[in-house]
Amino acid sequence: MTSSQLLDARTTDTSPDSPATGRAARRKQHAGMARKRSLAARYLGYVGYFVGAGLISGAVVHHPLDPDRYTRIAVYGACVFLAATILNEFVLTRERPGLPRMLLVIGASLLLSFGIGMLSGGLQHFDDFPARGAVLVPAGLVVSFVAYVIKDADTPTRRIFSLVGLAVLVTAALAFLGLREVAASMESTPGGGHSHGTAEEAPADGHAPATAPASPAAPASSASHTSRPTASATAHKDGHAH
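With the numbering used here as the guide, the letters of the sequence shown map in order to residues 3 to 244.
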């Protein structure tokens, strides 16, 4: 075996990576496998988005009925949505962003949660609050789009003013004009909207017991009036008989 062949054999034997590089790659692979196996964490992160947005949607729509209560519900929903964002974007991800990007994602996620809540809540309770839903739906559409573009790392922020952003803005404007007309027609019809037990229904319930006893009282009074002539007539007849 010649010396050149020995040198070739040694170079092929020493070609693998160093032990330090191999250990780092194995640790990264094990971490990735551990994240894939964490079914509970991925489930909580997925459900947290919907639970948080659902709480916010109900709080945004029903806020005029009880401001203190629904403000607390909105805060709870925002906390749940942010917790899901932190879990999905920073804990379960392979590459963690820096602090500026982290703060930007948290702020955009909070804005996104309220945009989705306004959109879904306005659509779900449009029959109950037509005028409020006509504002929440288009506003939620614009807010959610802007927040999503800011949150998405693969999308430049200038895409907000792109053709897609213009289409979203036009859709929101048309939705506002159309839903406002529908809300006006619903509120002009008797019994339209506000089926959540507002103060407008209280007088209707209060008058019902007041008018109910009046109807049986009328025959009683008329019966008393009719009975009096009968008694006097009987007495008159008895007087003539004697």
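Built from N, CA and C at the ideal position, the CB exists for glycine as well. A quick note: this is a predicted structure, and the numbers were derived from the prediction, not measured.
Expressed to the nearest angstrom, what Euclidean distance is found between the alpha-carbon atoms of residue i and residue j?
i	j	result
Ile58	Gly24	47 Å
Val137	Gly119	13 Å
Glu97	Ser146	25 Å
Leu112	Ala141	15 Å
Glu189	Leu143	24 Å
Ala61	Ile75	6 Å
Ser40	Thr95	12 Å
Gln126	Gly180	17 Å
Gly47	Thr191	44 Å
Pro158	Ala175	24 Å
Ile108	Val93	13 Å
Val166	Leu67	36 Å
Val63	Leu101	34 Å
Gly56	Pro69	17 Å
Leu171	Phe128	21 Å
Thr173	Ala43	37 Å
Arg71	Val77	10 Å
Arg161	Ala155	12 Å
Ala110	His65	23 Å
Arg103	Thr87	13 Å
Glu91	Ser164	26 Å
Asp130	Pro99	43 Å
Over the uninterrupted alpha helix (DSSP H) stretch that includes residue i, give me the two end residues.
i	result
Leu171	165-190
Asp70	69-88
Ile108	101-126
Leu94	Looking at the DSSP string, Leu94 is not in any alpha helix (DSSP H), and its letter there is neither H nor E.
Leu149	Rather than Leu, the amino acid found at residue 149 in this sequence is Ala. Residues 132-153.
Ser40	Unbroken run through Ser40: none, as it is neither H nor E.
Taking all protein chains shown into account, do 16 or more other C-beta atoms lie within 10 angstroms of the C-beta of residue i, making it buried, or fewer, making it exposed?
i	result
Tyr45	exposed
Gly79	buried
Ser122	buried
Leu89	buried
Pro132	buried
Glu183	exposed
Thr73	exposed
Round the Cβ separation of residue i and residue j to the nearest angstrom and send it over; I've been treating them as touching at under 8 Å.
i	j	result
Gly117	Ala149	5 Å
Gly135	Ala185	7 Å
Ala177	Val139	6 Å
Arg114	Lys153	A small correction: the amino acid at residue 114 is Leu; Arg does not occupy that position in the sequence shown. Rounded, the Cβ-Cβ distance is 6 Å, consistent with contact.
| query | Counting pairs of beta carbons, one from the region 49-56 and one from the region 68-83, are three or more of them closer than 8 Å? | reply | As far as the Cβ criterion goes, the region 49-56 touches the region 68-83, which means the pair count is three or higher.
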